[in-house]
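This report concerns only the one structure given below.
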């Protein structure tokens, strides 16, 4: 009986939309494939290649699909995400973040025995420790120097400051100096397309200029990694950038939809109306444990006169114009997440929908893998 | 190897604080037990009893500990949480929320075969459907009518409006009319203690008045359920209230700590410094995937001159006064969540600490159980 109960909340394959236990994340397969194809197409005949970010979708199935469509490997944010990807068979993984704990470095070095692993570094001691761990494990860890190209988070300043670290990475046993990483996160959401382009180009000038500087000192720089969904077509077209780390484009969200990018909304949260205290108010079964608000409130999809007013932990409050909509308990609605990455991180699975029917269920194996 | 890797991120029992892979939620066992004891003590000689809310800690181990210390059962927010509690052996479970989907009602009715289940109802059709599902399953589901005591979310208005539903619940086969539920959520965080008491008493007057009204019509009202951590000592002392649903008191958080309650902070997030770009700035490995911001920013614990300035997905930015603190990569810090319930929902496990050593690891089995 417990075993049986554990799968009761999974809708049978082929079942219709309204039979899915909610709250549930639905992928519109056609829209998602159109997004994957659009991005793959951009990189098909360019020198820069796509290495999509796992942090958004956290699904090994989708990662393998991205690789099948031309991606050169995956980017991820944490070591534990890299472990999930390696276990799923992804062979080339860039951890776009520092791994500093000694126990984590041992995991990193072990992982690099069977998989090509590249990790971001911005500090000398950390580089020495990673090299030592890899040397002891008999593996080689790829190193990209993280350059702060304007975001003001981690990273070494562009230019000369990167030279000692790069030289050290090129000399130490256990590591291989692979190149540079610089994320223009300060401008990926810039709504003005001209300003977005200007900011991205400024950042990429710093990054590729640093790469050229290292080359002028005899260092080989294979990887120059940058970009997010908002700047993929800009930084991805900038001479000298070799790979782009976009994450959100397969699904999109309220915030990215403001940029006018050629990607369709492919992910929604299905919720059920559980109470209708008045014609002007309806309560749904999705709150802050199924939807995030760090980019503002999510938006109700395709229902004029219906607005999500607030979320509590397990409830959402809808304001309803009774002239335009009328609800009763049991009705389903769909909601567009305001921030796809943090929303996905709340869920254990995607319900993949094709022709309004459940086609597949994908486990979000990277969920909660922040360690 | 994959099997081995799966437990690499679990610190060995007995290991010291700094050896825990971060970000990780740490329970200070002594502080938590003091909180459990303080709340249990309040209810020991009162007519109202404690039925703690599972939505906060989502840990079956902790639920069983609460019951061992005198709680009469557990409250939870969702059917899937009730399933986790039942599987852990909790025998008396109140779902303080509507369960409206037909498939969920079948799960509910099945669950009630082996466990005493009580569910909130605020609408007639829903009550009929639950009764039918339970009748078919050969079980009895307890019913509490949810009363809107001022929060403006789900629920029937207090007074006469509850009578038809209560009568129906008392008549239908498959269900048992158990009483009323009313959550004074609009005032649990009120900082002014007098206003908090006034609001709570107003809400409880409506709730217990409705119970009396039903009794005057010959209905038996066993359960009058209310309360949160902020009002447990107020509503729990109000004549006619029979049980209190407080959730946050075992752990506490930044928001609840403002109320001057006799509970200690017992939960922190341990994070590691991963980058120190300048003496005024340090970056930690915890962002919005490990900490929530729906109640504002979390707060760094016990480090003067160190302030959490912002969170991105996997990074936290600390502002550091170099006169008071100095960091290097690898240093650990602890952070007090601003909202314990949504923060816990991001994590798979607690590291239970006693005397600064890992004593136990508890799985957060209710995490993500919002369906």
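Residue numbers (the working numbering), protein chains in the order written: chain Z, 1 to 371; chain F, 1 to 371. Just so you know, even glycine gets a beta-carbon here, dropped at the ideal spot from N, CA and C. Since the structure is predicted, the reported quantities are computational estimates derived from the model, not experimental observations.
- In the three-state reduction of the DSSP assignment, residue 272(Z) falls in the strand class.
- Pairing residue 100(Z) with residue 16(F) gives a Cβ-Cβ distance that is not under 8 Å.
- Fully enclosed alpha helix (DSSP H) runs of no fewer than 4 residues occupy 163-171 of the stretch 126-203 of chain Z, in order along the chain.
- Identification of chain F residues near residue 126(Z) by a Cβ-Cβ cut-off of 7 Å yields 329, ordered along the chain.
- In the DSSP assignment, residue 225(F) forms a beta bridge with 181(F), 243(F).
- Along the stretch 38-55 of chain Z, going in chain order, the ones with a CB nearer than 7 Å to a CB of chain F are 55.
- Exposed is the label assigned to residue 296(Z), since fewer than 16 other Cβ atoms lie within 10 Å of its Cβ.
- The Cβ atoms of residue 130(Z) and residue 119(Z) sit closer than 8 Å to each other.
- Taken through DSSP and simplified to helix, strand or coil, residue 353(F) comes out as strand.
- DSSP assignment within the stretch 243-330 of chain Z yields the following whole beta strand (DSSP E) runs of 3 residues or more, N-terminal first: 267-278, 281-284, 306-311, 316-320.
- Within chain Z, the residues whose beta carbon sits less than 9 Å from that of residue 317(F) are 152, 153, listed in sequence order.
- What residue 107(Z) touches in chain F, judged by beta-carbon distance under 9 Å, is 5, 8, 9, 21, going in chain order.
- By the rule that beta-carbons nearer than 8 Å mark a contact, residue 194(F) does not touch chain Z.
- Taking the beta carbon of residue 80(F) as reference, the chain Z residues within 8 Å of it are 9, listed in sequence order.
- Within a 10 Å sphere around the beta-carbon of residue 75(F) sit 16 or more other beta-carbons, which makes this residue buried.
- The C-beta of residue 199(Z) comes no closer than 8 Å to any C-beta of chain F.
- Residue 300(F) places its beta carbon less than 8 Å from that of residue 307(F).
- By the Cβ rule, the stretch 16-31 of chain F counts as touching the stretch 331-351 of chain F, because three or more pairs are nearer than 8 Å.
- At a Cβ-Cβ threshold of 8 Å, residue 370(F) and residue 104(F) do not count as neighbours.
- Residue 11(Z) sits in coil when the DSSP states are folded into three classes, being neither helix nor strand.
- Shown here, residue 215(F) sits in a helix according to DSSP, grouped into three states.
- Two segments are said to touch when three or more pairs of C-beta atoms, one from each, lie closer than 8 Å; by this definition the stretch 172-190 of chain Z touches the stretch 135-148 of chain Z.
- When the beta-carbon positions are compared, residue 350(Z) and residue 67(Z) stay at least 8 Å from each other.
- Shown here for residue 235(Z): same chain residues with a beta carbon closer than 7 Å to its own, the five before and five after excluded, namely 184, 200, 204, 226, 227, 241, 244 in chain order.
- Within 10 angstroms of the beta-carbon of residue 367(Z) lie 16 or more other beta-carbons, which makes it buried.
- In the structure shown, residue 348(Z) falls within a coil segment according to DSSP collapsed to helix, strand and coil.
- Using a Cβ distance threshold of 8 Å, residue 344(F) and residue 56(F) count as a contacting pair.
- Per the C-alpha coordinates, the member of 86(Z), 267(Z), 338(Z) positioned closest to residue 251(Z) is 267(Z).
- Taking the Cβ atoms as the reference, residue 166(Z) lies roughly 17 Å from residue 134(Z), outside the contact range of under 8 Å.
- Taking a Cβ-Cβ threshold of 8 Å, the residues of chain Z close to residue 347(F) are 368, in chain order.
- Just so you know, the alpha carbons of residue 312(Z) and residue 94(F) end up roughly 19 Å apart.
- Counting only the Cα atoms, residue 58(F) lies some 25 Å from residue 148(F).
- A Cβ of chain Z is located within less than 8 Å of the beta carbon of residue 123(F).
- Judged by DSSP secondary structure, residue 28(Z) falls outside any alpha helix (DSSP H) and instead within the beta strand (DSSP E) spanning 24-28.
- In its chain, beyond the 5 residues on either side, 25, 364 have a beta carbon closer than 6 Å to the beta carbon of residue 347(Z).
- Under the three-state reduction of DSSP, residue 337(F) is assigned to coil, being neither helix nor strand.
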